[in-house]
Each structure stands twice: as structure tokens, then as C-alpha cells.
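Down below is the structure, laid out as C-alpha cells.
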Amino acid sequence: MSTGTTKLDVVVSDVVPVNELVTRFHFRRRDGELLPTFSGGAHVVVEMRDGDRTRLNPYSLMGSPLDTREYTISVRRDDVGRGGSLFMHRQVEPGLDMVISYPVNLFSLDLRARKHLMLAGGIGITPFMAQTAQLAGAGGNFELHYTCRTASLGTYADVLQQRYGNRVRLYHDDREERIDLERLLSSQPLGTHLYVCGPAGMINWVRDRAAALGWPPETVHFEHFAAPQPGAPFDVTLAVSGKTIRVGSQQSLLEAIEAAGVDPPYLCRGGVCGQCETNVISCDGKFIHNDHWLSEEDHRSGCKIMPCVSRFEGKSLVLER
Amino acid sequence: MGITFRKETFRDDYTFRNSPEHVRRFPFPFNEDAYMYAVNIEPHVVGPKGSVLENLIDVDEHYVAEMQDRALVLAEDPLRCQSLPHMTLAGWDLLELLMEQQALGYPEHFTLSRDGDRWRWINRPLGIDDTFTFGDTSTLPYGPMEYITRQSQGDFCILDQRDGNLWMDAGMVTTQADWSLDFDIGMNFFEWHAPVPLAHEKGIFTRALKFLTNIQQGKPARRLNWTMTINPRLDTSPENYHKWGPDRATVTPENVGQKVHLRVELQSFWRLPRSNGIVFPIRCYLIKMDELVTQPKWARRLHRVIRDLPEELATYKGLTRYRPTLVEWLSKLDDGSPTSPGFGPD
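Protein chains in written order, with the working numbering: chain D, 76 to 396; chain W, 946 to 1291.
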């Protein structure tokens, strides 16, 4: 029924460099009204008009959900990525009109939790900025463990420690500080929920250890938006719309489908939400599945693909789009 | 110009009536001459002026009487309103939604003013003027969900979303078609739908859940559901079955027009912003057969729908006992001529 979410017309109200890699962007509504209320863990999809190309990238909202005069996101510069973060860092300035989506939350707090145990790695800190603000306002019980490469790359570590004191623990890779995960996960009170956001390796490590230590799966929450990976160009036939398209090396399959004027539904554009799931009608080649949505069985079957993050190598691919 | 609220009852002497304007705005649920389940969900957007969709939260001439009936039900049975401890934030979300929508649609009857978290709510039909602190439960006479749903037509279920499922963790349910919040509280989407026949085989619930868990803020959705009720009784709950169940044996050819009511639920689905829950308002509209058949198209179509309804559905909806009497009565108003497409009267 819906392609993505309702859009919001915003203006960039501030751009603040946070450290050598991360810059923060502030958005206000162009009509001066308040922005929609959101819940901690929500993201917005930011539309970037980059020449004749439109990029749509998801970023976690990191402000307090109690203050909707503006939204803030933090973008880590990725010099070898597909260019979205470079566009944000180089071309977005205060006063620029932009379009963002309504907030969507795929990494929601479980409000039944007696305690919220949060594990962040690097830029994965951003959803926890909003969640901790939400919980602090409601007197919630949380503890945040935050791993960063160096103190100077510990984005918002100072702010968090100032706000929450010893509820925040920092770990610096360059000082060889490591989370004692075994001990941390073994010493939590009943009713604790675990949240992890960071690099894929960290998420897998935490989920594996939690499972091994007997944490019920419904108490372990994680957010991992896979950025679409570049790859070799490939051709696709869209059977429903009768089009044949080429997916460029820096382009995702979803972006190529959209560029051809076909609009599959989407929410996260990171292989998580399941909205853009697409049936494969026929193929001769191999899939490069990068999503967290389809089951292993789906991946093996070759009958489905998540065009937001996954690619294809081979002779021919026909999709039901 | 505001709404003229009727003085009427939904019990005992049953003085409930629809004015002629309200008959024409009734949300007749059949757009063709037959009925079968479908995932009939569409975007909940504002509809034509003079319809029940003119505002996304509808207030009508029965508002005051329905709120009085709700207060009577709650006085007898407080468990019709329940909220598990983690649902208070969702209750505030709902309070905001209903106050905003009612004040927007009916400014002559409702006013909301906000100064930060200091809110003032004026409800003129019910004579309420309260100032409170948003988020501070101690500043309201009830919890936020109970407070606002004692002032809003329709039942309300608040569903928590977690583990890829929806959980019935809070609600105000006093105008229900034979289901019980007290029984269903804490259940997930599949558990509380378990009694519905046929739909499971069609995979309807799996698809519906997928749709509902993806409802987005600012994009509510809706669907219509229907059943029939003998006498205009809002509270047809399992708890009170002994009061209304036997009524189904009282239908005669002489009293069909007054006793038998089509009961339509306008169900809508909204994402709640702070709690990330879903609220599911179930707004009940009643119309007696004598009122309904003032629209000849509806009379013809209802005859065909009830006559041809699959037996399992007739049983599930509790129509079995009086269906022959009703079909016979309606058949006299069906000359066999075609009906125009769409829901509305001709």
C-alpha cells in the first residue's frame, strides 16, 4: 500500500563537526511547526539530491524524543563507501532545504524490561543517544557500554558521561580495553533486556555469547543496517513493468529499480525491515545476499532477494517487479 | 453549528435511534451483493463531508449517551479497562492522539491548549475542563488511557509491538461484539484471533500481522467489520451474555424492523509515536432494520448478503437462530433488481 513513509520538508538548521570523522546535522521543519514525536531507536531516511542522482540513506535520530523542535543525526564519513556520507559532509550546509522521511523505529526499547543493558560500537552509539534520553526522562534503569577506537573518536562519550555518570562505561581499542562480555552478561538481574548496535562483528559476537549464556532471544535486540556494498555491474529484467535495467557498480539494485521509475516499498534500505522483498522469476548466476531479513533457506532457494543491499553476478536475472 | 447530542439509552428501554441524517451517513459495509473475508485494509484518510470519515476520529449525535453507557459498564465491571504496567507511555500517546483529533474535528465541542507539558482540555458536551501535566499520571483523575477513553466513542485496544508480533497489553472495551479484554489481555495477535473461522486457512492473519507491524507514523489504516445485534445494546460482552444472549430468541416477523440491528465496526490502526505501539480503535455503529431499509439499495443488498452467507460465518456471528426470520422479512424488500456498485445509498 505504501512506498516508504510520509515525507517531511526540512531545512538544515546547523552543521556541527564532532570529531575528525563524525559531523552532526540539525533539521527543522520548513513551515516552523514541531516535528513528529518519535521513540528512541527510530531512524529517518534522508534524501540527498546529488546531481542527477538521488540517494536515500537511513540515519538514527539522536536527539531527545522529548524535544521535537529539531531532529539531529550524526554521520560518520566513509571515504571508501558509495558516497552518501561524503555528500553529507561536503555538500550539506546550514540553510539547505532537504526532504526526510517520518521516523520509523525498527530498534525499539522493550518497555517491559526491568533494566536496559546497551552495548554500542563506534557510530552505533547514535540510537542510544535518543534511547538514554527517553529512559532518563522516565526514570528508567539503563547501563551503557560503549566501545570506540580512541578517546578522540569516542563520539559523544563526554556528553554521555556528563549526563549519566557511571551508568556509562567506555572502552578504548587503542588502550586495549575490552568489554568483559562473559562477566557482564552473566551478572545481570532477571528481566534485563540487551541492546546492541555497532559493526557486524560486534553484533554477532554479542548475540552468540548471549545465546550461549542462555539469554532468551526475545530479550536480545540489535540494529544493523547493512550499507549496500559496491560490486560488479549487472543487468536485470523487471517482468511486471517490462523493463531491463543495468545496476551500476556503486548503485544498489533498489536504487537502479527506482531510477527506472518503479517504486517498490521500503523503510530501512538496510536489509532489515523486509519491505522491499522481491520474488525472483528466473536466474542464471549467483546471488550475493547481504540482508538480515530472509532466512538461510530463502537465500539458498534463490527465489527471493532484498534489492536494497543484495547483488547478483551472472548471465541473467528476472525479477517480479 | 455543533452536533445536537441525543438523550437515549442502549439498555433497558432502548431509546437509541438514528436521525435521518445519521442513517444516510451510516458506514454500510457491503460494496457488493455477497460477503467473504478479505484483508480489506485501506489508508485511513479523510473522506467525504457528511460521512463518518469526515474526521479521522468521528464524534456523532450518540456521543454523550455512549459515554454515559460506558460509565455504567465500568461501574459494574472495572476490568473492562486494563493497562499492563509497561503500557502507560502508550496511554499518553493515545491521550494526545484523541485530544488532538477531537479538538481538530470539533472545535465547537473540544479545545486543547498546550504550554510545554502543561495542557488544558475542555470537553463541553461532558462538562469537563481539566488542566494537567502531560506525562504525570498523578495530575489526572484516571490513568491517561482510561481518562481519554471515557471521553471517546468506540473501544480502544493498545497493542505493544515486540518479537515481530502484536500483544494486547492495554484497552478500554465496553462496546464489543462478544469478546473480552479481560480474557485476551496479554495475548498475541494469533492467540486472540484463534476463534475466527476460515480466515486462518486463507493465511489472512499472517498477512494482516505483517501489514500491521509495518504501519507507520502519520499513515493510519482502516477496515470495516460487521455483525448483527438484537436490540441496540452496545455492551454485548461474554461477561454479560446472560443479559443479551437470550434476546436472540425473541425475534419475530413483527419485530424484526425494530429489534434487529446491523452492527458495523470502523476499525483503524495507528502507530503511536513515543511507545512505538499500535492503537486499534474499534468504533461501533448501530442501525435498526427499519432505519436501514429506508435506503432501498441497502435493503436489497443486505437481503442477498445474509441469505447467501456461509454457514460457518453465520454461526460465528451468532445469526443462526433468527436468520430465517430476518431473510424472510428482507426478501419482501428485494425485487431482484440490480444494485449499484459501491457502499453508499443511491
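The beta-carbon is built from N, C-alpha and C at its ideal position, and this holds for glycine as well.
Item: Unbroken stretches of the beta strand (DSSP E), 3 residues or longer, contained in the segment 240-298 of chain D; Value: 243-247, 267-272, 295-298
Item: Residue 1255/W, DSSP secondary structure in three states; Value: coil
Item: Inter-residue spacing [alpha-carbon to alpha-carbon] between residue 966/W and residue 1030/W; Value: 43 Å
Item: Chain-order list of residues whose beta-carbon lies under 7 Å from that of residue 1275/W (same chain, five-residue window excluded); Value: 1244, 1247, 1248, 1251
Item: Within 7 Å of chain D by C-beta, residues of the segment 1151-1163 of chain W in sequence order; Value: 1159, 1161, 1162, 1163
Item: DSSP bridge partner residues for residue 1227/W (one or two, in chain order); Value: 1100/W, 1212/W
Item: CA nearest to the CA of residue 175/D, picked from 125/D, 351/D, 146/D; Value: 146/D
Item: CB contact below 9 Å: residue 307/D versus chain W; Value: no
Item: Proximity of residue 1121/W and residue 1223/W at Cβ, strictly below 9 Å; Value: no
Item: Contact with chain D by residue 1014/W, beta-carbon distance below 9 Å; Value: no
Item: Paired residues, beta bridge with residue 92/D - DSSP; Value: 98/D
Item: Rounded straight-line distance, which links the Cα of residue 1046/W to that of residue 172/D; Value: 30 Å
Item: Beta-carbon proximity check, residue 1151/W vs residue 968/W, cutoff 9 Å; Value: no
Item: Contact list for residue 1108/W against chain D, beta-carbon separation under 7 Å; Value: 293
Item: Proximal chain W residues relative to residue 375/D, where beta-carbon distance stays under 8 Å; Value: The contacting residues do not exist; residue 375/D stays about 22 Å from chain W at best.
Item: Closest residue to residue 1073/W among 1131/W, 1185/W, 1055/W (Cα-Cα distance); Value: 1055/W
Item: DSSP state of residue 1105/W mapped onto helix, strand, coil; Value: strand
Item: From 1229/W, 1253/W, 1290/W, 1258/W, residue whose alpha carbon lies closest to that of residue 1242/W; Value: 1290/W
Item: Candidates 249/D, 95/D, 250/D, 208/D, of which the one nearest residue 237/D by Cα; Value: 208/D
Item: Any chain D beta carbon closer than 9 Å to residue 1132/W; Value: no
Item: Proximal residues, the segment 1045-1065 of chain W versus chain D, C-beta separation under 8 Å; Value: none
Item: Rounded separation between residue 318/D and residue 124/D - CA only; Value: 24 Å
Item: Chain-ordered neighbours of residue 1220/W on chain C, where CB pairs are closer than 7 Å; Value: The displayed structure is made up of protein chains D and W, and chain C is not among them.
Item: Chain-ordered chain D contacts of residue 1031/W [CB-CB under 9 Å]; Value: 185, 186, 187, 188
Item: Expected contact under 8 Å - CB spacing of residue 224/D and residue 248/D to nearest Å; Value: 5 Å
Item: Bridge partner(s) assigned by DSSP for residue 190/D; Value: 267/D
Item: Below-9 Å beta-carbon distance, residue 1236/W vs any chain D residue; Value: no
Item: Under 8 Å by beta carbon: chain W residues contacting residue 94/D; Value: Chain W residues near residue 94/D: none, gap ~31 Å exceeds 8 Å.
Item: 9 Å Cβ cutoff met for residue 388/D and residue 369/D; Value: no
Item: Through-space distance from residue 1006/W to residue 1237/W, alpha-carbon basis; Value: 17 Å
Item: Residue nearest to residue 271/D in terms of C-alpha spacing, selected from 289/D, 111/D, 357/D, 294/D; Value: 294/D
Item: Proximity to residue 1286/W [Cα-Cα], best of 964/W, 1071/W, 973/W, 1257/W; Value: 973/W
Item: Inter-residue spacing [alpha-carbon to alpha-carbon] between residue 163/D and residue 181/D; Value: 23 Å
Item: Bridge partner(s) assigned by DSSP for residue 1129/W; Value: Answer is none; residue 1129/W lacks a bridge partner.
Item: Three or more C-beta pairs below 8 Å linking the segment 330-342 of chain D and the segment 303-317 of chain D; Value: yes
Item: Contact residues within the segment 998-1010 of chain W, judged by C-beta distance below 7 Å to chain D; Value: none
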